[in-house]
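Participant: Quick one: structure below, then a few questions.
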Amino acid sequence: MEVITASTTHLLSTLNKLTDHSFFQTLPQSLPVSPCVITSPTQVALPDSFYFSLFFIFGGGLYILLLFPFTLRQKQLLAAPLVAGLFAFPLMFTSTNSPVLQLAHLGACGCVLMRQIDLYYVRPWRTGKEPTMNLEDWWTEVWQPFRKVPMSKEQLQRFELELQQARLRREIERQEREALYDINSASSSDNKGKETQAVVGSSDDTPKKDAAKPMKGKPVKQIYTPRVDPNPQHWSAYLPRWFFYAILMDIIPFVMSFITFEAIQNFNIVQNFLLRIGVAAMVIFDISLLNYTIMILCAAITGDLVHDTEWTLVRHYFPGFATSPSEFWRQWHHLFQYIWVDLGFHPVKHILRKHITGKIMNRQLANGLELALPVMGVFLMSGLQHEYMMVGMWHVRPGHMTLFFLIQGAGTIISKVLLNTVGQKVHVPPVILITLTWIFNLTTAALFVEPVLKNHGYNMIANQSLLLHSYNLLRSNGIF
């Protein structure tokens, strides 16, 4: 009995300390402590209805133009002012009341801008394909960041034809490079060696193969077979995951709303790492929450079962357990990867194969360039898009985002090289590899989070937190 009484007394004493008025006086009167900076003296504030219509006017105009049967030159001339407007107007104007939607608007404008530059200018130069779409292609394009829409019969046939043409084009390019390499090798040989080779060749009854001659016949037909989910489920089966991401996206911003940039300057290395983890978690969890929300709403409205192979982030692995930077970026979200691959990877590889690597005598070096530089092109496009968002949101000095993604691209390439060389001979425990990946990512993340932290960008999301609004309500009514 005495033990129970002593425990009760101790519990009451602890509660009295927690409810002591002096303790609550140390808490801020309202949250967030430092509001997000959403205006710039060089930007003109517009009502939300006008500001967000910029995307539909210029981005929608570019997509609608693809439906018209104009010539390539006519489409490029008509698209030029729309592309310029889509680039410039979101940087010149700002929203006054919706910072989260403004950041999303800048991201959408940046993605559509890159996509249209590729469709109207880069892809015709690279493949000779004219920028044109029908309504089915347009519908697939709209859903592409979130969902792999099943193709119609006509789309499948056209896709198969494009695959065949691309394979034949690559085969011809490969044979031309090999022929050029053989010519360069032969020119470095002495005349005596060439005469001897000619004599031996003339006495040989086997017909000589011309390496520069394109491959005859049709290429092997490749049929696009989309992955099929063997066990589609009702949308309600994904509600637990939705609630999981929603709760995390309420707690993390609420905790970070107590932090100021001045306090961050005095953080130690552990606190800095935790802060960067919080920012990265908000990015990936917010995107996952958006993806699940769109998927559940779509399934609820249409009444269809959810095929998780169609949706971008459903079969998605948590990148926190990646053993290398290359694996980390494979497990990160891929909403806009197709844009950066089309505008960064393929053009760089096309330039290398057409103008550079075919003239390099060292084939190992040429192959290395073809593997590394296109990957850097993808990371460069990602850096430029994030740079566009930061400049448009806060007019910060450009460079942080681009440098971050270029460093990550170099880390991705180096980790692949090490895996294919040292990794084949030496076994490193996965725990060590995961730790090294965390150290590399968190160290370089200082470049990524700098513009966000300096302008208290995390408080944009914190303002949507239910915990934050509950805290402010209780404080304003003097409950604690």
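According to the UniProt record's numbering, the sequence shown is numbered sequentially starting from 1. Note that the Cβ used here is the ideal one computed from N, Cα and C, for glycine as well. As the structure is a computational prediction, the values presented were derived from the model and not from experiment.
May I ask which residues mark the beginning and end of the beta strand (DSSP E) holding A45?
Facilitator: Mapped onto the sequence shown, residue 45 falls at position 45. Looking at the DSSP string, the run of the beta strand (DSSP E) that includes A45 is 44 to 46.
Participant: In the DSSP assignment, the beta strand (DSSP E) including T71 goes from what residue to what residue?
Facilitator: What you label residue 71 is simply residue 71 of the sequence shown in a count that begins at 1. Note, T71: premise wrong, no beta strand (DSSP E); not H, not E.
Participant: Since L82 contacts E130 with CB under 8 Å, what's their CB separation in whole angstroms?
Facilitator: Counting from 1 along the sequence shown, the entry for residue 82 is found at position 82. Counting from 1 along the sequence shown, the entry for residue 130 is found at position 130. So it is not a contact: roughly 17 Å between Cβ atoms.
Participant: Closest to E262 by CA distance: which of Y63, N272, N477 is it?
Facilitator: Within the sequence shown, the letter at position 262 stands for residue 262. The candidate whose alpha carbon is nearest that of E262 is N272.
Participant: Can you give the Cα-Cα distance for E450 and Q424, rounded to whole angstroms?
Facilitator: By 1-based counting over the sequence shown, the position of residue 450 is 450. By 1-based counting over the sequence shown, the position of residue 424 is 424. A straight line joining the alpha-carbon of E450 with that of Q424 spans about 38 Å.
Participant: Within its chain, find whatever has a CB closer than 8 Å to the CB of I461; leave out the 5 residues flanking it on each side and keep chain order.
Facilitator: On the sequence shown, residue 461 is found 461 positions in, with the first residue counted as 1. Hits under 8 Å: V100, M249, P253, M282, D286.
Participant: Here's the rule I'm using: 16 or more other beta-carbon atoms within 10 Å means buried, otherwise exposed. How should S465 be labelled?
Facilitator: Here residue 465 corresponds to residue number 465 of the sequence shown, with the count starting at 1. Burial call: buried.
Participant: Looking at the structure shown, is S465 part of a helix, part of a strand, or coil, going by DSSP?
Facilitator: Residue 465 sits at position 465 when you count from the first residue of the sequence shown. Coil, per DSSP.
Participant: Would you tell me roughly how many angstroms separate the C-alpha atoms of V306 and I269, rounded to the nearest one?
Facilitator: Mapped onto the sequence shown, residue 306 falls at position 306. Mapped onto the sequence shown, residue 269 falls at position 269. When rounded, the distance between both Cα atoms is 43 Å.
Participant: Are the beta-carbon atoms belonging to M133 and L239 less than 8 Å from one another?
Facilitator: As a working mapping, residue 133 is identified with position 133 in the sequence shown. As a working mapping, residue 239 is identified with position 239 in the sequence shown. Against a cut-off of 8 Å, the Cβ pair of L239 and M133 comes out as no contact.
Participant: Helix, strand or coil for Q144? Go by DSSP, reduced to three states.
Facilitator: Start at 1 with the first residue of the sequence shown, and residue 144 comes out as number 144. Of the three classes helix, strand and coil, the one that applies to Q144 here is coil, per DSSP.
Participant: So is F243 buried or exposed if we call it buried at 16+ other beta carbons inside 10 Å?
Facilitator: Mapped onto the sequence shown, residue 243 falls at position 243. Its Cβ having fewer than 16 others within 10 Å, F243 is exposed.
Participant: Can you list, in chain order, the residues of its chain with a C-beta nearer than 6 Å to that of T260? Leave out the 5 residues immediately preceding and following it.
Facilitator: Start at 1 with the first residue of the sequence shown, and residue 260 comes out as number 260. Cβ-Cβ distances below 6 Å link T260 to V33, S34 in the same chain, with the five nearest sequence neighbours on each side left out; the list follows chain order.
Participant: Flag this pair as yes or no: are the beta carbons of G409 and F379 separated by less than 8 Å?
Facilitator: Within the sequence shown, residue 409 is the residue found at index 409, counting from 1. Within the sequence shown, residue 379 is the residue found at index 379, counting from 1. Using a Cβ distance threshold of 8 Å, G409 and F379 count as a contacting pair.
Participant: Between the beta-carbon of T94 and the beta-carbon of A166, is there less than 8 Å?
Facilitator: Your numbering for residue 94 matches position 94 in the sequence shown. Your numbering for residue 166 matches position 166 in the sequence shown. Cβ distance not < 8 Å, so T94 and A166 don't count as in contact.
Participant: From what residue to what residue does the beta strand (DSSP E) around T94 run?
Facilitator: Translated into the one-based positions of the sequence shown, residue 94 becomes position 94. Segment 93 to 95, the beta strand (DSSP E) holding T94.
Participant: Does the structure place the segment 384 to 391 close enough to the segment 98 to 114 that three or more beta carbon pairs sit under 8 Å?
Facilitator: yes
Participant: Are the CB atoms of S415 and S326 nearer to each other than 8 Å?
Facilitator: Here residue 415 corresponds to residue number 415 of the sequence shown, with the count starting at 1. Here residue 326 corresponds to residue number 326 of the sequence shown, with the count starting at 1. Contact: yes.
Participant: Name the two residues that bound the continuous alpha helix (DSSP H) containing P35.
Facilitator: Sequence index remark: in the sequence shown, residue 35 carries index 35 (1-based). Element bounds for P35: n/a, residue is neither H nor E.
Participant: Pop quiz: F328 and M401 are said to be a contact at Cβ under 8 Å. What is the actual Cβ separation, rounded to whole angstroms?
Facilitator: Numbered from 1 along the sequence shown, position 328 holds the residue referred to as residue 328. Numbered from 1 along the sequence shown, position 401 holds the residue referred to as residue 401. F328 to M401, Cβ: 17 Å. No contact.
Participant: Please classify D205 as buried or exposed, where buried requires at least 16 neighbouring CB atoms within 10 angstroms.
Facilitator: Taking the sequence shown and counting its residues from 1, the one referred to as residue 205 is at position 205. The predicted model places D205 with a pLDDT of 46, which falls under 50 and marks its position as unreliable; any figure quoted below should be read in that light. Exposed: under 16 other Cβ atoms inside 10 Å.
Participant: Is it true that the segment 346 to 362 meets the segment 288 to 306, where meeting means three or more beta-carbon pairs spaced less than 8 Å apart?
Facilitator: no
Participant: Taking contact to mean at least 3 C-beta pairs separated by less than 8 Å, is the segment 53 to 65 in contact with the segment 112 to 120?
Facilitator: yes
Participant: Short of 8 Å in beta carbon distance, which residues of its chain neighbour Y51, apart from the five on each side in sequence? Order them along the chain.
Facilitator: To locate residue 51, count along the sequence shown from 1; it is residue 51. Taken in chain order, the residues that qualify are F93, T94, S95, Q102, H105.
Participant: Anyone know if the C-beta pair for L343 and D118 falls short of 8 Å?
Facilitator: What you label residue 343 is simply residue 343 of the sequence shown in a count that begins at 1. What you label residue 118 is simply residue 118 of the sequence shown in a count that begins at 1. Contact: yes.
Participant: Got a sec, what are the start and stop residues for the alpha helix (DSSP H) F318 sits in?
Facilitator: Your numbering for residue 318 matches position 318 in the sequence shown. Counting along the chain, F318 falls outside any alpha helix (DSSP H), and DSSP gives it neither H nor E.
Participant: Can you tell me the Cα-Cα spacing of P69 and K75, whole angstroms?
Facilitator: Working through the sequence shown from its first residue, we reach residue 69 at position 69. Working through the sequence shown from its first residue, we reach residue 75 at position 75. Cα to Cα, P69 sits roughly 9 Å from K75.
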